[in-house]
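Chains as they are written, first to last, in our numbering: chain A, 1120 to 1360; chain B, 1120 to 1360.
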DNA sequence: TAGTGGTCTAGACCACTCC
DNA sequence: GAGTGGTCTAGACCACTAG
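Encoded structure:
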């Protein structure tokens, strides 16, 4: 019976303004945003209110606080953040860095599934790419990745081969597309001939199928991918609360 | 060169005291804790400091705030929370409640793996139970669950059959064991004869193997389980930030 | 109307980083 | 020492719940 509960506290409005500024690129990934005191003046609120807005953005991992230094726009373009969304860990605890190796890259029209996942019209232009992830020079993940061409114009094999780091670091550095969050659906499948060969397992071996949609500011989907994970020497790790 | 950074803010000390009180059962799951004002008096700090401690406990899901009513100890013993740790969702979005059906329950000595995962000495007494999870009366998950007998004395098939709800709600209601968080490792495996029959799939079908350790207050491991998930009609859903 | 959590402010001071 | 985020306080007021 009651109307919509339209009440929105000040700090959430400040938060929305900050997200808008981030989305518009007022501050680039890795750069510092103005100090809390400055922002308080800019928005005509107390520092405590700015602080609460930033608290939430830090919890969302859009910003990173560093005591004594400032507050920074989070970035994928830093070795420690390259594979922020990758949940695969080796069975023996040793930490080896992953390496992304591009295989193919072509243009295509969106079929029903990519169109739906990317919120695009059927037939919209896409860039599709295939790559593998390696640990210790061994292929462990094979991905097929679908991107709306509109936002990734110019992406090709040369660019992929020239780039050090993860795809998300490339997306950020070259196309200004910053992924904020993602959602994965994991299933068990059998390796077909191609997948088996790619990951160095027998045909018919069990693999994880991992489908992921990644979102940029404003919950806009910007990437859809399907991966095959070999879980012989690794596991998909998940924390539950 | 610098010594250990032992600085701990007041609100974290308050938080630790609150966790201790929760662990000792001063307030039971589902019940309200004292108001922020009362706690401020009790600990001789300002309400804002208590508030920040509770903020973190709410983020950890140990407490739940309800505006106008109070702050409550979180509980698994509520239909909406029965399967808080279950990440399985149906392929078609419809929400059907899960149902836990016990199969077997027996006593055993801890082998190397349960002992390691539960931080118990080799040979420590365990209770082991097998059960299935059903959606729409169809078996989708088969679990084998290992519990330290010390904390679950008296658990048997009769008790399992008599209980409505999830295992965690039973653990909480009957044994005062409240799971706070858990960690899962997911792999792809092939269904053996037994697993295939249990889940109604062909032998050799791909299944998810999900190993989980659950922790109570103080990060004390209290349960280890291994599950087989059929992902024919469901997917393991995960949010990444 | 009373009690609870939620917001907002202003100010003092602390911890950390860098020059 | 200057500048940043981090803590703590005290007080006023708002939103929500329940009797």
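Glycine included, every Cβ here is placed at the ideal spot set by N, Cα and C.
Since the structure is predicted, the reported quantities are computational estimates derived from the model, not experimental observations.
Look at the Cβ atom of residue i, then the Cβ atom of residue j, and state whether they are nearer than 8 Å.
| i | j | result |
| --- | --- | --- |
| residue 1343(A) | residue 1265(A) | yes |
| residue 1298(A) | residue 1333(A) | yes |
| residue 1194(B) | residue 1291(B) | yes |
| residue 1354(B) | residue 1138(B) | no |
| residue 1319(A) | residue 1218(A) | no |
| residue 1261(A) | residue 1314(A) | yes |
| residue 1245(B) | residue 1229(B) | yes |
| residue 1360(A) | residue 1134(B) | no |
| residue 1171(A) | residue 1201(A) | no |
| residue 1307(B) | residue 1327(A) | yes |
| residue 1301(A) | residue 1331(A) | yes |
| residue 1128(A) | residue 1238(A) | no |
| residue 1177(A) | residue 1169(A) | no |
From residue i to residue j, what does the alpha carbon distance come to, in whole angstroms?
| i | j | result |
| --- | --- | --- |
| residue 1132(A) | residue 1161(A) | 13 Å |
| residue 1204(B) | residue 1352(A) | 25 Å |
| residue 1358(B) | residue 1206(B) | 10 Å |
| residue 1211(A) | residue 1325(A) | 20 Å |
| residue 1157(A) | residue 1236(A) | 40 Å |
| residue 1154(A) | residue 1185(A) | 11 Å |
| residue 1356(A) | residue 1304(B) | 5 Å |
| residue 1121(A) | residue 1136(A) | Note that residue 1121(A) scores 41 on pLDDT, short of 50, meaning its location in the model is unreliable; the coordinates nonetheless yield the value given after this. Each residue's Cα considered, the two are about 28 Å apart. |
| residue 1227(B) | residue 1234(B) | 12 Å |
| residue 1312(B) | residue 1322(B) | 5 Å |
| residue 1347(B) | residue 1173(A) | 41 Å |
| residue 1199(A) | residue 1254(A) | 16 Å |
| residue 1147(A) | residue 1271(A) | 18 Å |
| residue 1187(B) | residue 1282(A) | 54 Å |
| residue 1166(B) | residue 1280(B) | 46 Å |
| residue 1126(B) | residue 1240(B) | 35 Å |
| residue 1140(B) | residue 1175(B) | 15 Å |
| residue 1163(B) | residue 1259(B) | 52 Å |
| residue 1231(A) | residue 1335(A) | 22 Å |
| residue 1263(B) | residue 1269(A) | 49 Å |
| residue 1329(A) | residue 1289(B) | 33 Å |
| residue 1189(B) | residue 1293(A) | 49 Å |
| residue 1216(A) | residue 1216(B) | 40 Å |
Classify residue i as helix, strand or coil using the three-state DSSP reduction.
| i | result |
| --- | --- |
| residue 1298(B) | coil |
| residue 1439(B) | Shown here, chain B extends from 1120 to 1360; a query on residue 1439(B) therefore has no answer. |
| residue 1310(B) | coil |
| residue 1120(B) | No answer about residue 1120(B) holds up, because its pLDDT of 40 lies below 50 and its placement is not dependable. |
| residue 1186(A) | coil |
| residue 1167(B) | helix |
| residue 1273(B) | coil |
| residue 1333(A) | strand |
| residue 1280(A) | helix |
| residue 1358(B) | strand |
| residue 1287(B) | helix |
| residue 1221(A) | strand |
| residue 1161(B) | helix |
| residue 1236(A) | helix |
| residue 1339(B) | strand |
| residue 1315(A) | helix |
| residue 1175(B) | helix |
| residue 1205(B) | coil |
| residue 1126(B) | coil |
| residue 1229(B) | coil |
| residue 1348(A) | strand |
List the whole-angstrom C-beta distance separating residue i from residue j, where the pair is believed to meet the contact cut-off of C-beta under 8 Å.
| i | j | result |
| --- | --- | --- |
| residue 1317(A) | residue 1214(A) | Actually they do not touch by this definition, with Cβ atoms about 24 Å apart. |
| residue 1191(B) | residue 1159(B) | Between residue 1159(B) and residue 1191(B) the Cβ distance is about 18 Å, and since that is not below 8 Å, they are no contact. |
| residue 1221(B) | residue 1243(B) | The Cβ separation is near 23 Å, so there is no contact. |
| residue 1295(B) | residue 1144(B) | 6 Å |
| residue 1284(A) | residue 1196(A) | 7 Å |
| residue 1275(B) | residue 1224(B) | 6 Å |
For a contact meaning CB atoms closer than 7 Å, what does residue i contact in chain B?
| i | result |
| --- | --- |
| residue 1309(A) | 1325 |
| residue 1350(A) | 1306 and 1307 |
What does residue i touch in chain A if you count any residue whose Cβ is under 8 Å from its own?
| i | result |
| --- | --- |
| residue 1302(B) | 1356, 1357, 1358 and 1359 |
Since residue i meets chain A, which of its residues come closer than 9 Å, beta carbon to beta carbon?
| i | result |
| --- | --- |
| residue 1179(B) | 1360 |
What does residue i touch in chain A if you count any residue whose Cβ is under 7 Å from its own?
| i | result |
| --- | --- |
| residue 1204(B) | 1359 |
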